[in-house]
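>
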Amino acid sequence: MAIPTIEDILDQVLRSEGGFVEDPADPGGATNHGVSLRYARGIGLDNDGDGDTDLDDILLVTPGQARDLYRDDFWSGTGISRLPGEIQPVMVDWAVNSGTPRPIMAMQRVINMAQIGFVLDDDGVIGPKTRRAAEHAQFEMGTFFNNAIVDERIGFYRHLAENRPASQRFLRGWLARAERFRMETDIAA
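Residue -3 is where the sequence shown starts when you use our numbering, and the numbers rise one by one after that.
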């Protein structure tokens, strides 16, 4: 299996995110190409140059701008770019969909549960120890490492839907999106 490039990963993220959506049940607010109003306010995005960040700025987000933001803030800026290439697709997609610390914390928990010689704080930060642990986990676990992260993502979405009733209607789509990252294993059942 070829390891996808960041451009391949971002193509998939943009396909999943689609265009403009303004759903009152989405706590991130209006989104365009996956760039949410909440995220845009957090980074001070002012596409129309009027000095504030509002719906008008979201409407002006282009796929190219979204791609650049994802590459800078969700891939290289988080350190996901320094993780094994095999897990980068699920990590970037989940970070865009739910925020950057969440997939990193889940990966750290997976490494701890695997008991492969590393004990990590699940702090959502990719430092040298987390990077080395992820490389070791990829070597030791192979596709099971990726799939354990997918399982954590599914668990997160189920928990979210149980605890935030307005989000229950998104659950089916979230689960389908997460499952697209599951890899086939070499071990026969």
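Note that beta-carbon positions come from the ideal geometry of N, C-alpha and C, so glycine has one too.
Thr126 by DSSP, collapsed to three states: which one?
Looking at Thr126 - three-state DSSP - the assignment turns out to be helix.
> Considering only the alpha carbon of each residue, which of Gln104, Gly120, Asp147, Val121 lies closest to Gly113?
When each option's Cα is compared against that of Gly113, the closest is Gln104.
> Just to confirm my understanding: we take Pro41, look at its own chain, exclude 5 residues before and 5 after, and list those with CB closer than 6 Å. What are they?
Looking at the sequence shown, residue 41 is not Pro but Leu. Correct list, in chain order: Thr49, Asp53.
> Helix, strand or coil for Thr139? Go by DSSP, reduced to three states.
Note: Thr139 maps to helix in three-state DSSP.
> What residue range does the alpha helix (DSSP H) around Asn43 cover?
Here Asn43 belongs to no alpha helix (DSSP H), and DSSP marks it neither H nor E.
> Residue ranges of each alpha helix (DSSP H) run of no fewer than 4 residues wholly in the segment 58 to 86, ordered along the chain?
Listed in chain order, they are 59 to 65.
> Decide yes or no for the touch test of the segment 153 to 165 against the segment 127 to 145: beta carbon pairs closer than 8 Å, at least 3 of them.
Counting Cβ pairs under 8 Å, fewer than three are found: no touch.
> Kindly identify the DSSP beta-bridge partner or partners of Ser32.
Partner(s): Thr27.
> Taking the beta carbon of Gln111 as the centre, do at least 16 other beta carbons fall within 10 Å, making it buried, or is it exposed?
Classification for Gln111: exposed.
> Comparing alpha-carbon positions, which option in Gly60, Ser32, Phe16, Ile39 lies nearest Asp7?
Nearest option by C-alpha distance: Gly60.
> Sort out for me which residues DSSP pairs Phe16 with in a bridge.
Its beta-bridge partners are Asn28.
> Between which two residues does the alpha helix (DSSP H) harbouring Ala102 extend?
From DSSP, the alpha helix (DSSP H) with Ala102 extends over 97 to 110.
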